[in-house]
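So the structure is just underneath, and the comments pick up after that.
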Amino acid sequence: MIKNILVTGGAGYIGSHLSIELLNLNYNITIVDNLINSKKERIRKIGSISKKNFTFLKLDVKNTKKIEKILKKKKNRFSYSFSCTKKS
Ligand SMILES: NC(=O)c1ccc[n+]([C@@H]2O[C@H](COP(=O)([O-])OP(=O)(O)OC[C@H]3O[C@@H](n4cnc5c(N)ncnc54)[C@H](O)[C@@H]3O)[C@@H](O)[C@H]2O)c1
């Protein structure tokens, strides 16, 4: 059964809402976000709304070596990716 989930862009609009839902469903989640389009406050809110613990890493998803390490270390079997930037 999937227990550990990686959410990239988890401090963003879609990612933060999904993270709260996953925490409410008792999944262990790791949020990766470089905060380029969001604030740490959003991470605090995820914690205060869900009242659950999770791991947050300020990291760019383009850092594939670290992302691979996280996937292996946390035995993440599933990931959601919402990390994006809009071009003007
Ligand atoms: N918001 C909507 O209503 C909606 C609807 C349909 C689809 N989408 C799609 O869902 C995705 C997410 O949308 P959103 O509204 O949550 O955007 P958002 O800007 O609120 O969230 C994106 C998050 O990704 C982070 N990020 C950007 N580049 C990163 C990088 N290189 N490494 C790590 N983190 C990075 C940002 O800091 C931000 O927190 C987009 O692809 C968007 O097109 C959004």
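For the sequence shown, our numbering assigns the number 28 to the initial residue and increments by one for each residue that follows. Just so it is clear, CB atoms sit at the ideal spot from N, CA and C, and this is done for glycine as well. Values in this document were obtained by computation on a predicted structure and should not be read as measured data.
Exercise. Use the C-beta contact count for residue 52: other C-beta atoms within 10 angstroms, 16 or more gives buried, fewer gives exposed.
Key: Here residue 52 is taken as the residue at index 25 of the sequence shown, counted from 1. Label assigned to residue 52: exposed.
Self-check item: Range of the contiguous beta strand (DSSP E) that encloses residue 40
Solution: Reading the sequence shown from its first residue, position 13 is the one you call residue 40. The continuous stretches of beta strand (DSSP E) do not include residue 40, which lies in the alpha helix (DSSP H) extending over residues 40-51.
Exercise. With a threshold of 8 angstroms, establish whether the CB of residue 35 neighbours any heavy atom of ligand 1.
Key: Along the sequence shown, one-based indexing puts residue 35 at 8. For ligand 1, at least one heavy atom lies less than 8 angstroms from the Cβ of residue 35.
Quiz item: Should residue 103 go down as buried or exposed, given a rule of 16 or more other Cβ atoms within 10 Å for buried?
Solution: Position 76 of the sequence shown, counted from the start, is the residue given in the question as residue 103. Sixteen is the threshold: when 16 or more other Cβ atoms of the shown chains lie within 10 Å of the Cβ of residue 103, as they do, the residue is buried.
Quiz item: Going by alpha carbons, who is nearest to residue 77 out of 66, 61 and 55?
Solution: Translated into positions along the sequence shown, residue 77 becomes position 50. Comparing Cα positions, the closest option is 55.
Quiz prompt | Any non-hydrogen atom of ligand 1 within 8 angstroms of residue 65 CB | solution = Taking the first residue of the sequence shown as position 1, residue 65 is located at position 38. Under cutoff, so the answer is yes.
Practice problem: Specify whether the segment 55-64 and the segment 36-44 touch according to this definition: at least 3 beta carbon pairs, one from each stretch, less than 8 angstroms apart. | Solution: yes
Quiz item: Once you ignore the five residues that flank residue 72 on each side, which residues in its own chain have a CB closer than 8 angstroms to its CB?
Solution: Along the sequence shown, read from residue 1 onward, the residue named residue 72 stands at position 45. 43.
Practice problem: May I ask you to check if the CB of residue 112 is nearer than 8 angstroms to at least one heavy atom of ligand 1? | Solution: Locating residue 112 in the sequence shown gives position 85, where the first residue counts as 1. Checking the Cβ of residue 112 against ligand 1 gives yes.
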